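S.K.: Below you will find the structure I want to go over with you.
There are 2 protein chains.
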Amino acid sequence: MTGAANLREQVRSITGRARVASRPLASAGSALKNRALEGIAAALEASSDRLLEANARDLARARAAGTAPAMLDRLALDARRIGEIASAVREVVLLPDPVGEVTGMWRRPNGILVGRMRIPLGVVGIVYEARPNVTVDAAVLCFKSGNACVLKGGSDAIESNLALAEVTRAAIAAAGLPADVVQLVPFTDRAAVQYLLEADEDVDVIIPRGGEALIRHVAEHSRIPVIKHFKGVCHVFVDASADLDMARDIVVNGKVQRPSVCNAVETLLVHERAAATHLPAIAEALVARGVEIRGCPRTLALVPAARPATDDDWPAEFLDLTLAVKVVDGLDEAIAHIERYGSMHTESIVTCDYANAQRFLREVGSSCVLVNASTRFNDGNQLGLGAEIGISTTKLHAFGPMGLEELTTRKFIVYGEGQIRE
Amino acid sequence: MTGAANLREQVRSITGRARVASRPLASAGSALKNRALEGIAAALEASSDRLLEANARDLARARAAGTAPAMLDRLALDARRIGEIASAVREVVLLPDPVGEVTGMWRRPNGILVGRMRIPLGVVGIVYEARPNVTVDAAVLCFKSGNACVLKGGSDAIESNLALAEVTRAAIAAAGLPADVVQLVPFTDRAAVQYLLEADEDVDVIIPRGGEALIRHVAEHSRIPVIKHFKGVCHVFVDASADLDMARDIVVNGKVQRPSVCNAVETLLVHERAAATHLPAIAEALVARGVEIRGCPRTLALVPAARPATDDDWPAEFLDLTLAVKVVDGLDEAIAHIERYGSMHTESIVTCDYANAQRFLREVGSSCVLVNASTRFNDGNQLGLGAEIGISTTKLHAFGPMGLEELTTRKFIVYGEGQIRE
Numbered sequence: 280m281t282g283a284a285n286l287r288e289q290v291r292s293i294t295g296r297a298r299v300a301s302r303p304l305a306s307a308g309s310a311l312k313n314r315a316l317e318g319i320a321a322a323l324e325a326s327s328d329r330l331l332e333a334n335a336r337d338l339a340r341a342r343a344a345g346t347a348p349a350m351l352d353r354l355a356l357d358a359r360r361i362g363e364i365a366s367a368v369r370e371v372v373l374l375p376d377p378v379g380e381v382t383g384m385w386r387r388p389n390g391i392l393v394g395r396m397r398i399p400l401g402v403v404g405i406v407y408e409a410r411p412n413v414t415v416d417a418a419v420l421c422f423k424s425g426n427a428c429v430l431k432g433g434s435d436a437i438e439s440n441l442a443l444a445e446v447t448r449a450a451i452a453a454a455g456l457p458a459d460v461v462q463l464v465p466f467t468d469r470a471a472v473q474y475l476l477e478a479d480e481d482v483d484v485i486i487p488r489g490g491e492a493l494i495r496h497v498a499e500h501s502r503i504p505v506i507k508h509f510k511g512v513c514h515v516f517v518d519a520s521a522d523l524d525m526a527r528d529i530v531v532n533g534k535v536q537r538p539s540v541c542n543a544v545e546t547l548l549v550h551e552r553a554a555a556t557h558l559p560a561i562a563e564a565l566v567a568r569g570v571e572i573r574g575c576p577r578t579l580a581l582v583p584a585a586r587p588a589t590d591d592d593w594p595a596e597f598l599d600l601t602l603a604v605k606v607v608d609g610l611d612e613a614i615a616h617i618e619r620y621g622s623m624h625t626e627s628i629v630t631c632d633y634a635n636a637q638r639f640l641r642e643v644g645s646s647c648v649l650v651n652a653s654t655r656f657n658d659g660n661q662l663g664l665g666a667e668i669g670i671s672t673t674k675l676h677a678f679g680p681m682g683l684e685e686l687t688t689r690k691f692i693v694y695g696e697g698q699i700r701e
Numbered sequence: 280m281t282g283a284a285n286l287r288e289q290v291r292s293i294t295g296r297a298r299v300a301s302r303p304l305a306s307a308g309s310a311l312k313n314r315a316l317e318g319i320a321a322a323l324e325a326s327s328d329r330l331l332e333a334n335a336r337d338l339a340r341a342r343a344a345g346t347a348p349a350m351l352d353r354l355a356l357d358a359r360r361i362g363e364i365a366s367a368v369r370e371v372v373l374l375p376d377p378v379g380e381v382t383g384m385w386r387r388p389n390g391i392l393v394g395r396m397r398i399p400l401g402v403v404g405i406v407y408e409a410r411p412n413v414t415v416d417a418a419v420l421c422f423k424s425g426n427a428c429v430l431k432g433g434s435d436a437i438e439s440n441l442a443l444a445e446v447t448r449a450a451i452a453a454a455g456l457p458a459d460v461v462q463l464v465p466f467t468d469r470a471a472v473q474y475l476l477e478a479d480e481d482v483d484v485i486i487p488r489g490g491e492a493l494i495r496h497v498a499e500h501s502r503i504p505v506i507k508h509f510k511g512v513c514h515v516f517v518d519a520s521a522d523l524d525m526a527r528d529i530v531v532n533g534k535v536q537r538p539s540v541c542n543a544v545e546t547l548l549v550h551e552r553a554a555a556t557h558l559p560a561i562a563e564a565l566v567a568r569g570v571e572i573r574g575c576p577r578t579l580a581l582v583p584a585a586r587p588a589t590d591d592d593w594p595a596e597f598l599d600l601t602l603a604v605k606v607v608d609g610l611d612e613a614i615a616h617i618e619r620y621g622s623m624h625t626e627s628i629v630t631c632d633y634a635n636a637q638r639f640l641r642e643v644g645s646s647c648v649l650v651n652a653s654t655r656f657n658d659g660n661q662l663g664l665g666a667e668i669g670i671s672t673t674k675l676h677a678f679g680p681m682g683l684e685e686l687t688t689r690k691f692i693v694y695g696e697g698q699i700r701e
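Chains F and A supply the protein sequences, listed in that same order.
Convert by adding 279 to the 1-based position in the first sequence; the result is the number in the numbering used here.
Convert by adding 279 to the 1-based position in the second sequence; the result is the number in the numbering used here.
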């Protein structure tokens, strides 16, 4: 057997074990799963020393390889971060278990009773970067929703991830469920990712978590359905009737509170009738917080600090303190601009006009559309789903943040009394 | 421009027009869509002569090419069939419009009101065989659910399909909506299918309708998400406590009523404690209706007419009057057999035992699981969804029959009063 064939077999053996283990997990009750989750949280805290030692080896290797400080920060664990990971596990205990929910049931004219029952997807593959917290986070969300998972994290975090997965698996086994419901691919060879993406007999869905390059790679190379979002080019539209203070607060919050995330604002659209009254004050507040403004010609006339926007700025996801600003003729142009340049992620209108609020909500086709609220609310926790496993900007299966419910599907169940079809 | 590049451009132009037209359709109200559907039904009836002429040309070409009689029958239209197509359109008028439904709404601690609103998927591609009725059927289901569609039917039906699409498009335009929401790919070149499957910028989902070969081809060559089922290897399990008459009726109905369809029974599993009492009578009823039985050794001992089953028979989708029969030790073996050989399509248990009924419903992971009812009920109409656009045996997005609701997704909507994130 060649090395590659051998690696492929090993990855297949991992996904196959996840598939087998997924079956008893799918019919495990919530009480049992919650006991296991409590056990995972406690075991993580009790294993702090061992986890920090493994992480220290990863960090030493990454430092020697000249890894950038921001990457090292994402990779690093300390006692506080391990405590946060354990706390996040305990929060998952509190989330409702979607498995077994019957979302509707009706009687047909022939007397059969038809219902739809939530069941786990089966086996979820997660491909992510060198962030050890994702290992536990993804594993426990899959676990609570009755899914086995196959985790493939970034190579820089391999020792941390192996240690975290071992602690998690042992706690699951101690609770009486198969440890194999959590699988970590222990190979750093790039081909291992490809073999995982080809394991369509065992894995039901792939969720990539990371930057656009990782997500595109996974989407292009997977034979398994992928739930993905490439980027967030989010808009705020300040309507003619917008309250100035509210508009300023929402734009500043969307741009400045955490500029590196996908629900940060990248483009501000301002109704021409609000431009003279609102735009200078909003711009002033942004500039005071270090934001660089790239404006259309009408913006430049009102905001001396702005630089001219280029065509590249409208579809850009800056992920930093840069904001594209355009004055538009009205709601129609705002919606058309969002349709053309947006990424179907998150858009907000600031308005006092009832009809425009309703039209914006109805006609903008993004995964989250808001009236008079910050784009930063498009997040599973903020919207009330609990922790999120990912976010989707494609419309199949899930659109927007994915919580536990999005890790399930629904089968039809039928209670009959001997009915046959005429 | 080469011919191939030219064809690709033409297909892209078609999908692009569907994308543009999908936007006004997505926010069209139900009343307007229903008026257009009434217009389509009336126009089909009024255009009967023209449709039959086009169909006659397809039939003549197919006959000259030596097409099999069963295929010719699927291709053929007559006045009665056109009437049935129009009636099916009028039934879609009566179905509830899923678009705009808010499936839930809740207030968060900061006061924002969060809801999930159903919206169309966008553009649906349908790849199907030479069945002209699918052209109208798929178009109107997409239309009612606010989706544009791009239809690629079998080449043998090209003239029928073009005529049907033209009548449909004209009726939509007469109702004041863009005709381009219904697109028919007018090329019979095989490459046209491939260009459609690559149009991932314009098409949101592909639904193949046809035999397993067509579905596998589409699934393997599509860059767009595909909703599919390959085959239906459906099981009936006759439990130890089953009522004999009920078991016989359900097995006979599942096998004989329409053997060529995906929800017909292919394998009968019989509890060993019911084998001697039930199996001979069930087999006798089947044999009387021309069914060939392929049995396990224990079946052969009880059913003299049976032939020995081979390993190929357990995963087989016979689609004719053939049935594999196995005596099993009990519910556990039945569930394990279904898991190993089934296609996650449809399984039924016949039982008088409450616990076994509930366990079968819970543990069998197929798209439709029934107690004391025929597998033939796994069908959108029979389950109460109205007409179905397809059926899915993969768990992403839809599992089981897909009605109008499965042609939508849900976006998050947020009503705020100036909230920002802390």
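A virtual CB, placed ideally from N, CA and C, is assigned to each residue, including glycine.
Computed from a predicted model, the values in this text were never measured in an experiment.
Using the three-state DSSP reduction, which class does S439 (chain A) fall into: helix, strand or coil?
M.R.: Looking at S439 (chain A) - three-state DSSP - the assignment turns out to be helix.
S.K.: Are the C-beta of H676 (chain A) and some C-beta of chain C separated by less than 8 Å?
M.R.: The structure shown contains no chain C; its protein chains are F and A.
S.K.: Identify the continuous alpha helix (DSSP H) that holds N657 (chain A) and give its terminal residues.
M.R.: From DSSP, N657 (chain A) is part of no alpha helix (DSSP H); its letter is neither H nor E.
S.K.: Three-state secondary structure (DSSP) at E701 (chain F)?
M.R.: E701 (chain F) falls in the coil class under three-state DSSP.
S.K.: Below 8 Å between beta carbons is the criterion; list the residues of the region 293-307 of chain A that meet it against any residue of chain F, in chain order.
M.R.: Per Cβ criterion, the list reads R302, A305, S306.
S.K.: Can you pull the DSSP bridge partners for H514 (chain F)?
M.R.: H514 (chain F) pairs with F:T546, F:E626.
S.K.: From this set, F:A450, F:T414, F:V372, F:T382, which residue's C-alpha is nearest S439 (chain F)'s C-alpha?
M.R.: For the residues F:A450, F:T414, F:V372, F:T382, the minimum Cα distance to S439 (chain F) belongs to F:T414.
S.K.: Counting along the chain, where does the alpha helix (DSSP H) carrying L523 (chain F) start and finish?
M.R.: First-last of the alpha helix (DSSP H) with L523 (chain F): 523-535.
S.K.: Contact defined as beta carbons within less than 8 Å: I believe G356 (chain F) pairs with P411 (chain F). What is the distance between those atoms, to the nearest angstrom?
M.R.: In the sequence as displayed, the identity of residue 356 (chain F) is Leu instead of Gly. Confirmed, Cβ separation roughly 6 Å.
S.K.: Can you find a C-beta in chain F that's less than 8 Å from the C-beta of K312 (chain A)?
M.R.: It does not: the Cβ of K312 (chain A) has no partner Cβ on chain F nearer than 8 Å.
S.K.: Can you tell me whether R573 (chain A) is helix, strand or coil according to DSSP?
M.R.: Reduced to three states, the DSSP call for R573 (chain A) is strand.
S.K.: Taking a contact to mean a Cβ-Cβ separation below 8 Å, would you say V643 (chain F) touches I670 (chain F) in this structure?
M.R.: It is not a contact, given that the beta carbons lie outside the stated cut-off.
S.K.: Is the distance from the Cβ of V512 (chain F) to the Cβ of G621 (chain F) below 8 Å?
M.R.: Result yes, Cβ atoms of V512 (chain F) and G621 (chain F) sit closer than 8 Å.
S.K.: Quick check: what's the CA-CA separation for L547 (chain A) versus E696 (chain F)?
M.R.: Going by the C-alpha atoms only, they are around 19 Å apart.
S.K.: Which residues of chain A have a Cβ atom closer than 8 Å to the Cβ of K690 (chain F), listed in chain order?
M.R.: Per Cβ cutoff of 8 Å: G644, S645, S646, C647, V648, F678, G679.
S.K.: D591 (chain A): buried (16+ other C-beta within 10 angstroms of its C-beta) or exposed?
M.R.: So D591 (chain A) counts as exposed.
S.K.: Short check: CB of L430 (chain F) to CB of A418 (chain F), under 8 Å?
M.R.: In contact: L430 (chain F) and A418 (chain F) (Cβ atoms closer than 8 Å).
S.K.: What do you get for E701 (chain F), buried or exposed, if any count of 16 or more other CB atoms within 10 angstroms of its CB means buried?
M.R.: Its Cβ having fewer than 16 others within 10 Å, E701 (chain F) is exposed.
S.K.: Measure from the alpha carbon of A333 (chain F) to the alpha carbon of each residue in F:T601, F:A444, F:A555, F:G318, then state which is nearest.
M.R.: Closest by alpha carbon: F:A444.
S.K.: Taking V530 (chain F) and I561 (chain F) to be in contact with their CB atoms under 8 Å, please state how far apart those CB atoms are, rounded to whole angstroms.
M.R.: The pair is a contact, with the Cβ atoms about 5 Å apart (cut-off 8 Å).
S.K.: Mind pulling the alpha helix (DSSP H) runs of 4 or more residues that sit fully within the region 443-494 of chain F?
M.R.: Within the region 443-494 of chain F, the complete alpha helix (DSSP H) runs of at least 4 residues are 469-476.
S.K.: For a contact meaning CB atoms closer than 7 Å, what does E477 (chain A) contact in chain F?
M.R.: Simply none; closest approach about 13 Å.
S.K.: For G282 (chain F), does the three-state DSSP call read helix, strand or coil?
M.R.: G282 (chain F) falls in the helix class under three-state DSSP.
S.K.: Can you find a CB in chain F that lies within less than 8 Å of the CB of G401 (chain A)?
M.R.: By this cut-off, G401 (chain A) is an interface position.
S.K.: Taking 8 Å as the cut-off, does the region 376-386 of chain A touch the region 466-476 of chain A (at least 3 CB pairs, one atom from each stretch)?
M.R.: Judged by Cβ distances under 8 Å, the region 466-476 of chain A makes no contact with the region 376-386 of chain A, as fewer than three pairs qualify.
S.K.: Check distances from the C-beta atoms of the region 649-661 of chain F to those of chain A and list, in chain order, the residues that come in under 8 Å.
M.R.: Within the region 649-661 of chain F, the residues whose Cβ lies closer than 8 Å to some Cβ of chain A are L649, V650, N651, A652, S653, R655, F656, N657, Q661, listed in chain order.
S.K.: Residues of chain F with CB closer than 9 Å to the CB of Y694 (chain A), please, in chain order.
M.R.: Within 9 Å Cβ-Cβ: A636, L640, L649, V650, N651, A652.
S.K.: Please confirm if M525 (chain F) has its CB atom under 8 Å from at least one CB of chain A.
M.R.: For M525 (chain F), the answer is yes, since a Cβ of chain A falls inside 8 Å of its Cβ.
S.K.: Using only the alpha-carbon positions, how far apart do M280 (chain A) and A478 (chain A) sit?
M.R.: For M280 (chain A), the predicted model reports a pLDDT of 49, less than 50, meaning its position is unreliable and no value from the coordinates is stated.
S.K.: Going along the chain, which residues of its own chain have a beta-carbon closer than 8 Å to the beta-carbon of A341 (chain A), five neighbours each way excluded?
M.R.: If we look at A341 (chain A) and ignore the five residues flanking it on each side, its Cβ neighbours are M350, L351, L354, A409, D435.
S.K.: To the nearest angstrom, report how far apart C428 (chain F) and Q462 (chain F) are at their CA atoms.
M.R.: Rounded to the nearest angstrom, the two C-alpha atoms are 6 Å apart.
S.K.: Give every residue of the same chain whose Cβ lies closer than 6 Å to the Cβ of Q289 (chain A), excluding the five residues on either side of it in the sequence, and list them in chain order.
M.R.: There are no such residues.
S.K.: With N426 (chain F) and G401 (chain F) assumed to form a contact (beta carbons below 8 Å), what rounded beta-carbon distance in angstroms separates them?
M.R.: That pair is a contact at about 6 Å.
S.K.: Label D611 (chain F) either buried or exposed according to how many other C-beta atoms from any shown protein chain fall within 10 Å of its C-beta, with 16 as the threshold for buried.
M.R.: Flag for D611 (chain F) reads exposed.
S.K.: Check whether chain F comes within 8 Å of L686 (chain A), counting only Cβ atoms and requiring the distance to be less than that.
M.R.: By this cut-off, L686 (chain A) is not an interface position.
S.K.: Going along the chain, which residues of its own chain have a beta-carbon closer than 7 Å to the beta-carbon of G379 (chain A), five neighbours each way excluded?
M.R.: These residues qualify, in order along the chain: M396, R397.
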